[in-house]
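In our numbering, the protein residues as written are 475 to 1177. Everything on this sheet refers to the single structure shown next.
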Amino acid sequence: MRYPEVRRDGTVETLHGEEIADPYRWLEDGESTEVRAFIEAQNAFAEPILAALPARDAFRDRVTALLEAPTRGCPWERGGRVFAWHSDGENQPVLVTADSADGLEDGRVLLDPNALSADGTVAVNVASVSPDGALLAYGVSDGGSDWRTIRIRDVATGDDLADEIPWTKWNAPVWLPGGRAFSYWAYDAPAGDALTDEMGAGRLMRHEIGAPVADDAVLFARPDEPRLFARHWPRDDEWFVLSTDTGSSSGNDLAVRRHDEAADALRQLVTGHEHEWNAVGIHDGVLYAVTDAGAPRYRLAVFDLATGEEATAVPEHAEDVLLDASLTASGLVLEYSHDASHRMQLAGFDGTLGDAVPLGDGVSLTGSHASATSATVFVSTSSFVDRGTRYVVEVDGGRLVAHRTLPTPGPEAPRAVTERIRTASSDGEQVPAFLVRPEGDAGDAPRPTLIWAYGGFNIPMNPGFRAVLAAWVEAGGVLVVPNLRGGGEFGSAWHKAGTKERKQQVFDDLYAIADHLIATGVTTREQLALHGRSNGGLLAGAALTQRPELWAAVLPGVGVLDMLRYHRFTIGWAWASDYGDPDDADAHGYLRAYSPLHNVRDDVAYPPTLITTGDHDDRVVPAHSFKFAAELQRAQQAAAAAGHGADAPVLLSVDTRAGHGMGKPKDAAALEFADQLAFAAHHTGLAVPSTAESDTALAGRSR
475 MRYPEVRRDG
485 TVETLHGEEI
495 ADPYRWLEDG
505 ESTEVRAFIE
515 AQNAFAEPIL
525 AALPARDAFR
535 DRVTALLEAP
545 TRGCPWERGG
555 RVFAWHSDGE
565 NQPVLVTADS
575 ADGLEDGRVL
585 LDPNALSADG
595 TVAVNVASVS
605 PDGALLAYGV
615 SDGGSDWRTI
625 RIRDVATGDD
635 LADEIPWTKW
645 NAPVWLPGGR
655 AFSYWAYDAP
665 AGDALTDEMG
675 AGRLMRHEIG
685 APVADDAVLF
695 ARPDEPRLFA
705 RHWPRDDEWF
715 VLSTDTGSSS
725 GNDLAVRRHD
735 EAADALRQLV
745 TGHEHEWNAV
755 GIHDGVLYAV
765 TDAGAPRYRL
775 AVFDLATGEE
785 ATAVPEHAED
795 VLLDASLTAS
805 GLVLEYSHDA
815 SHRMQLAGFD
825 GTLGDAVPLG
835 DGVSLTGSHA
845 SATSATVFVS
855 TSSFVDRGTR
865 YVVEVDGGRL
875 VAHRTLPTPG
885 PEAPRAVTER
895 IRTASSDGEQ
905 VPAFLVRPEG
915 DAGDAPRPTL
925 IWAYGGFNIP
935 MNPGFRAVLA
945 AWVEAGGVLV
955 VPNLRGGGEF
965 GSAWHKAGTK
975 ERKQQVFDDL
985 YAIADHLIAT
995 GVTTREQLAL
1005 HGRSNGGLLA
1015 GAALTQRPEL
1025 WAAVLPGVGV
1035 LDMLRYHRFT
1045 IGWAWASDYG
1055 DPDDADAHGY
1065 LRAYSPLHNV
1075 RDDVAYPPTL
1085 ITTGDHDDRV
1095 VPAHSFKFAA
1105 ELQRAQQAAA
1115 AAGHGADAPV
1125 LLSVDTRAGH
1135 GMGKPKDAAA
1145 LEFADQLAFA
1155 AHHTGLAVPS
1165 TAESDTALAG
1175 RSR
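And the structure:
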């Protein structure tokens, strides 16, 4: 293949005594005309190849159908009103409200993000209703950016107020006592490129409804510690609870004061940023927090706010991980992970365990809303084969009083069978994975198989429904979702075992699963594809450069691929909690050892590769993908010229109106997913039925 010509220059940087060539650093300037020309050339090169893939149209039709199928989000209640996000095929879901959960299907549309832009690229990424249900604070983002502008809407009239707060990120607004003010996390307006420049210190602000934004008060700021985040949570009418942390998955501190006390009257409950303390609610002057302090599988701690004394309400479980907890009017709702699937259990305020809430087996909790003033809990779940189930649960302390489902319209999801597999990793640890087979597959012959993996930031890979994965299984492919070290499936020890100098273990866990699939006849090397996004894109990039012979196709999406400069852009420095700081000599050594960009070789025939990103991605800036694609194409061409048989395509596809993925319009998502699935199908040998054949097979199936 003759790839687009990409300029290489002589940029070299000495890092910790090592000279590091960076010939594509100019690709970091997303506003330059040369970078725009690079994007256009790469898309012009990739598009004809992707368009010629036999299964592209069939996958696009099926993914579109799955994305446009009706969805119903988990309801929540405020001030006697019930709210939920609904979609009937729109690019963005709409927020509806009614007097009861049963009335939501015919509820009033309170907020329609689709009306905010013609192409559906303006999204609402946070929405917070005041405790009395009178006001909605919502955050609007454009083109997939993490930057948001907060607006206020009157719930009764549906009209927006004059309030508008720009340059906010991360935290959802948290309402303060009285419901006419809220906290939010803000930054100064960027002086340079808002999509790439490294972010400085933020601050926690208080906004009074109707007041000028310039008059907003500072609730917390530490300009001397620019890498400190803060949030006000949980919401309580008497106590102001402040959580501070220094990274994406680092520990946090807790401090409290009464709302009527001065801002400097904060009393520290926890210091050191060593452990997680997820504060979840307050009852009778006692703060409840889920923590891994002394409990790798987490426990529920309590603080007497009058004295600061800490104790344990619910101890660490012998096997399961305590994920979260919430308060009802009469007790607690506990959420657990059991072998990477979820379960829910009730308890009294003293931690005495009560009834289990029936949710079924092999599911993920996708939503859970309880209120400290109500006996009603709203719950939603999904699985690899369930698009979503919603429950209304009535409780009395630890006793389950009533339990029913809310109907969800729309077609049935693809039918499949899910099982668990396990194999020993490089250090002997047993690593599990979900293996999903299409209905009717007896497993008696190897099949085209797609691995979808992540392995980082304490984020679990649970059996949730994703259109891109469901479409693969429906087309006849096998899906494998591993639970790698670095993830959050088995507690903080499992997470930390895949961080910093131990990050290579995550990759080794992946290879163990892949080798196991081949050894047991699930698939073959010629039928095995790998897909991952963000940190999972790093995983895919590292697997591509470390074990290129293992894959029939690799698909890194919005990946962190330059491990020596990831901390130089936007919020990248916060990821040092998982990766380590490249400015530290020791961290530089292990980051350099696996950084995908810095481990591309000229004597290797790399497998077919499709790299995807969005040019508005201000979380993992697209320069990661640009530089990696340019270097991989150059090396592939050099290897081919040297006779190494490197004739597989290396493609870069850039969405020019998308960011990291949040809020992406459904039509754009369908095209991206279709490209990825068709690319994987073509190179693994998956014969995909046409749209007409698929529709015939699905005829008559509905929920």
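The beta carbon of each residue, even a glycine, is placed where N, CA and C say it ideally should be.
Can you check which of these residues, Glu-487, Asp-535, Glu-502 and Val-480, is closest to Glu-1146 by C-alpha distance?
Asp-535
Tell me the DSSP secondary structure of Arg-1131 in three-state form.
Of the three classes helix, strand and coil, the one that applies to Arg-1131 here is coil, per DSSP.
Would you please state the rounded distance, in angstroms, between the beta carbons of Glu-913 and Ala-941? I believe it to be under 8 Å.
Between Glu-913 and Ala-941 a beta carbon distance of about 18 Å is seen, past the 8 Å cut, so the two are scored as non-contacting.
Run of the beta strand (DSSP E) containing Gly-572, from where it starts to where it stops
This sequence places Ala at residue 572; Gly is not what is there. 568-572 is the span of the beta strand (DSSP E), which, as asked, contains Ala-572.
Going along the chain, which unbroken runs of the beta strand (DSSP E) with 3 or more residues stay wholly within the stretch 616-646?
622-628 and 634-642
Pairing CB atoms from the stretch 866-878 with CB atoms from the stretch 810-830, are three or more of them under 8 Å?
Contact between the stretch 866-878 and the stretch 810-830 is present, because at least three Cβ pairs lie under 8 Å.
Alpha-carbon to alpha-carbon, Phe-852 and Gln-819:
14 Å
Beta carbon of Pro-651, beta carbon of Asp-711: below 8 Å?
yes
Starting from Tyr-985, follow the alpha helix (DSSP H) in both directions and report where the run begins and ends.
The continuous alpha helix (DSSP H) containing Tyr-985 extends over residues 978-993.
Output the distance between the C-alpha atoms of Pro-1123 and Asp-1036, rounded to the nearest integer angstrom.
21 Å
The stretch 856-872 / the stretch 534-553 touching (three or more Cβ pairs under 8 Å):
Flag = yes, the stretch 856-872 and the stretch 534-553 touch.
Just checking my contact of Arg-911 with Gln-1001 at CB under 8 Å: how many whole Å lie between their CB atoms?
14 Å between Cβ atoms; not a contact.
Are three or more beta carbon pairs between the stretch 1010-1025 and the stretch 1070-1079 nearer than 8 Å?
yes
To the nearest whole angstrom, what separates the beta carbons of Asn-766 and His-747, a pair I think is in contact under 8 Å?
For the record, residue 766 in the displayed sequence is Asp; it is not Asn. Not really, about 13 Å apart at Cβ, beyond 8 Å.
Ser-804, DSSP secondary structure in three states
coil
In whole angstroms, what separates the C-alpha of Arg-552 from that of Ser-604?
Arg-552 and Ser-604: Cα-Cα distance of roughly 7 Å.
Three-state class that DSSP yields for Phe-519 in the structure shown
helix
Please determine, among Asp-794, Asp-1129 and Val-1162, the residue with the shortest C-alpha to C-alpha distance to Glu-514.
Asp-1129
Sequence-distant residues of its chain with Cβ nearer than 6 Å to Ala-1104 (five each side left out)
Cβ-Cβ distances below 6 Å link Ala-1104 to Val-480 and Tyr-498 in the same chain, with the five nearest sequence neighbours on each side left out; the list follows chain order.
Smallest Cα separation from Asp-813: which of Trp-621, Pro-937, Leu-984 and Ala-558?
Pro-937
For Leu-1004 and Ala-532, I'd like the C-alpha separation in whole angstroms.
21 Å
Please list, in chain order, all residues of the same chain as Ser-1164 whose beta carbon is under 6 Å from its beta carbon, the five residues on each side excluded.
Ala-532
Outcome for Arg-1175 when other beta-carbon atoms lying within 10 angstroms are tallied against a minimum of 16
Reliability fails at Arg-1175, whose pLDDT of 34 lies under 50, so the model's placement of it is uncertain and no value is given.
Cα separation between Glu-492 and Arg-1042?
19 Å
The alpha helix (DSSP H) that contains Gly-1010, what's its start and end?
1009-1020
Quick one: what's got a C-beta closer than 6 Å to Pro-888's C-beta in the same chain, skipping five residues either side?
Ala-944, Val-947 and Glu-948
Less than 8 Å separating the beta-carbons of Asp-794 and Val-764?
no
Quick check on Ala-767: does DSSP put it in helix, strand or coil?
coil
Where Arg-996 and Thr-781 are concerned, what is the direct C-alpha to C-alpha distance, given to the nearest angstrom?
The sequence given here places Val at residue 996; Arg does not occur at that position. Those two C-alpha atoms are separated by around 58 Å.
Quick check: Gln-654 and Glu-682, are their CB atoms within less than 8 Å of each other?
One point to set straight first is that residue 654 is Arg, not Gln, in the sequence displayed. Yes, the Cβ-Cβ distance between Arg-654 and Glu-682 is below 8 Å.
Straight-line Cα distance separating Arg-817 from Ser-848:
Approximately 21 Å between the Cα atoms of the pair.
Sub-8 Å separation of Arg-705 and Ala-691 beta-carbons
no
With a 10 Å radius around its C-beta and 16 neighbouring C-beta atoms as the bar for buried, classify Gln-1107 as buried or exposed.
buried
Report the option in Gly-951, Ala-1114 and Gly-581 whose CA atom is closest to the CA atom of His-1157.
Gly-951
Taking 8 Å as the threshold (beta carbon to beta carbon), is Arg-499 in contact with chain B?
No chain B appears in this structure, which consists of one protein chain only.
If you measure between the beta carbons of Thr-1044 and Arg-976, is that distance less than 8 Å?
no
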